[in-house]
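Using the UniProt record's numbering, read the sequence shown as starting at 1 and increasing by one per residue.
Just so it is clear, CB atoms sit at the ideal spot from N, CA and C, and this is done for glycine as well.
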Amino acid sequence: MRTSRTYKLQLSGQGIDQFLACHCRVARLAKEFIPYGMTLYVAMSLLDASDPADIAAELESPVCNALGGSSNRFVGTTSHLVDLVEQVGARLADSGHCGRSIATWRLYNAGLSLLLSSEDGEVQAAYRRAARTIPVRRSR
């Protein structure tokens, strides 16, 4: 049974910069050295906790659109992220707020966009949820 896998992000130059800013923010708030995949999982955890109408609005936001681009970057994390992404996509489709199927990379970017604008407490709560799923090796 696979416990981890690689996920593809499609980012612009600005998107790469913002992903790294998100990564540093999550690591700083967690006071841990974390893998890049943890940042993506935290972003998707924030998205999962959001109302479908807010997710649809985030997908159409200028910030989210600016994150997307032709640079492919890969991060590894738990295979449980697939379930989380499918859950977000299904809730969004069932809500009727998006008339078409949303590309997975766009959901990732919406999560990153949301992470950029979230309060520290929200990010810390999302990190705690993620840390229950993803084993975090503590620094000494």
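Where does residue i sit, in a helix, a strand or coil, going by DSSP?
i: residue 3; result: coil
i: residue 129; result: helix
i: residue 96; result: coil
i: residue 90; result: helix
If you count every other CB in all the chains shown that lies within 10 Å of the CB of residue i, and 16 or more means buried, which is it?
i: residue 45; result: buried
i: residue 71; result: exposed
i: residue 22; result: buried
i: residue 33; result: exposed
i: residue 154; result: Past the boundaries of the shown model lies residue 154; the chain is included only from 1 to 140, so the question cannot be answered.
i: residue 130; result: buried
i: residue 20; result: exposed
i: residue 50; result: buried
i: residue 111; result: buried
Give me, in chain order, the residues of the same chain whose beta-carbon lies closer than 8 angstroms to that of residue i; leave out the 5 immediate sequence neighbours on both sides.
i: residue 68; result: 10, 11, 12, 15, 105, 106, 109
i: residue 141; result: This structure leaves residue 141 out entirely; the chain is present only between 1 and 140.
i: residue 75; result: 6, 7, 9, 35, 36, 37, 39, 40
i: residue 117; result: 63
Determine the extent of the alpha helix (DSSP H) in which residue i is found, giving its start and end residues.
i: residue 19; result: 13-30
i: residue 45; result: 36-48
i: residue 58; result: 52-60
Report whether the distance from the Cβ of residue i to the nearest heavy atom of the ligand MG is below 7 angstroms.
i: residue 81; result: Judged by which ligands are present, the structure shown has none, so any question about the ligand MG falls away.
Tell me which residues share the same chain as residue i and place their Cβ nearer than 6 angstroms to its Cβ, disregarding the 5 neighbours each side in the sequence.
i: residue 81; result: 41
i: residue 126; result: 42, 45, 46
i: residue 66; result: 14
Could you give the first and the last residue of the continuous beta strand (DSSP E) run that contains residue i?
i: residue 68; result: From DSSP, residue 68 is part of no beta strand (DSSP E); its letter is neither H nor E.
Residue i bridges to which residues according to DSSP?
i: residue 10; result: 72
i: residue 78; result: 4
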